[in-house]
Amino acid sequence: MKIAIPSYNRAKLLVDKTLKLLKDFDNIDLFLYDKEQKEIYEAEIDNDKVNIIITDILDLGSRLNYILNEYYDEGEEVLLIEDDIMDINTDLSKLCEDGFRLCKEHNLYLWGISPTNNSFFHKEGYSTDFKFIIGVLYGVIVRKDKDLDVSITYKCDFERSILYHKKDGGMIRFNDVGVKTNFRALGGLGNDKKNQRLTKELEAVKQMIQKYPDYVYQNPKKEREIKFKKIKN
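Converting from the sequence shown to the numbering used here requires adding 88 to each position, the first position being numbered 1.
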């Protein structure tokens, strides 16, 4: 298994959060934008297990496409994890082992976790039907298929969930596993100013509804959010 972390302007956050969570793991690939970013991160990271890769791709959605559908070999098991994960409510190593094993058993290629860390909303066990796979932590068995490339960066985890369902008919989701993270932290997508981010999210909602009308609708309570429709496998 390889571990992939896309990051931008979050060197100290990465060291303080996600890399601490991954202290017992090898094969950590850190995907950065350019040489300037590499210098910034190298000044903060004291870990010879981290392999830094310059992508020359600033847009997160495009960088994720490169990571998941181009960089790794066909069939490679890749854990994609964001740079600001503080904690997880289970053993991460076993979770990954179970996730990839269940994907193979069910002939699926994407696994993930609950979008909330609130145990009140958790359900025991895993599911294989169409569900939202949040982008903070998920596993993919690599296929170099362009029809899995996302195109709407600010809702790319929603779009990825749809694309994998359309291709495979489902995904593995552990409905009782959640992570503690800092949503909309500075750096990364959070590098946009507040008003810029809102504008981009609203545009992404519009694009998602236009592109996937059978899958999504706008959250009537929060204009910057979309929700999934119930889809039969």
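Glycine is no exception: its CB is placed at the ideal position from the N, C-alpha and C atoms.
Got a sec, what are the start and stop residues for the alpha helix (DSSP H) residue i sits in?
i	result
I128	K123 to E132
Y252	C244 to D256
Let's test the definition: count the other Cβ atoms within 10 Å of the Cβ of residue i and tell me whether it reaches 16, buried, or not, exposed.
i	result
T322	Nothing about residue 322 can be reported from this structure: the residues present for the chain run from 89 to 321 only.
P308	exposed
P94	buried
I314	buried
K182	exposed
G200	buried
S239	exposed
K294	exposed
A292	buried
R189	exposed
S207	exposed
N139	exposed
D171	buried
E162	exposed
L107	buried
K211	exposed
L146	exposed
Put residue i into one of helix, strand or coil per three-state DSSP.
i	result
V267	strand
V293	helix
D302	coil
L110	coil
L146	coil
K309	coil
K320	coil
Over what stretch of residues does the beta strand (DSSP E) that includes residue i continue unbroken?
i	result
V103	No beta strand (DSSP E) holds V103; the alpha helix (DSSP H) holding it covers A99 to D104.
K90	K90 to P94
K315	I314 to F316
V138	V138 to I142
I260	I260 to F262
I116	I116 to L120
So, at 8 Å on beta carbons, what are the nonlocal neighbours of residue i in its own chain, with the 5 sequence-adjacent residues on each side left out?
i	result
H194	T216, G258 and I260
V267	I173, M174, D175, I176, N177, I201, N205, V224 and L225
Apart from the five residues on each side of it in sequence, which residues of its chain come closer than 6 Å, Cβ to Cβ, to residue i?
i	result
L109	I173
K137	D114 and I116
I128	A99
In chain order, what residues of the same chain have a beta carbon less than 7 Å from the beta carbon of residue i, not counting five sequence neighbours either side?
i	result
I250	Y300 and Y303
L290	E311 and R312
L152	P94, V238 and C244
Report the residue ranges of all beta strand (DSSP E) runs contained in full by the segment 151–234; include only those spanning at least 3 residues, in chain order.
-> For the segment 151–234, whole beta strand (DSSP E) runs of length 3 or above, ordered along the chain, are 165–169, 173–176, 198–201 and 225–229.
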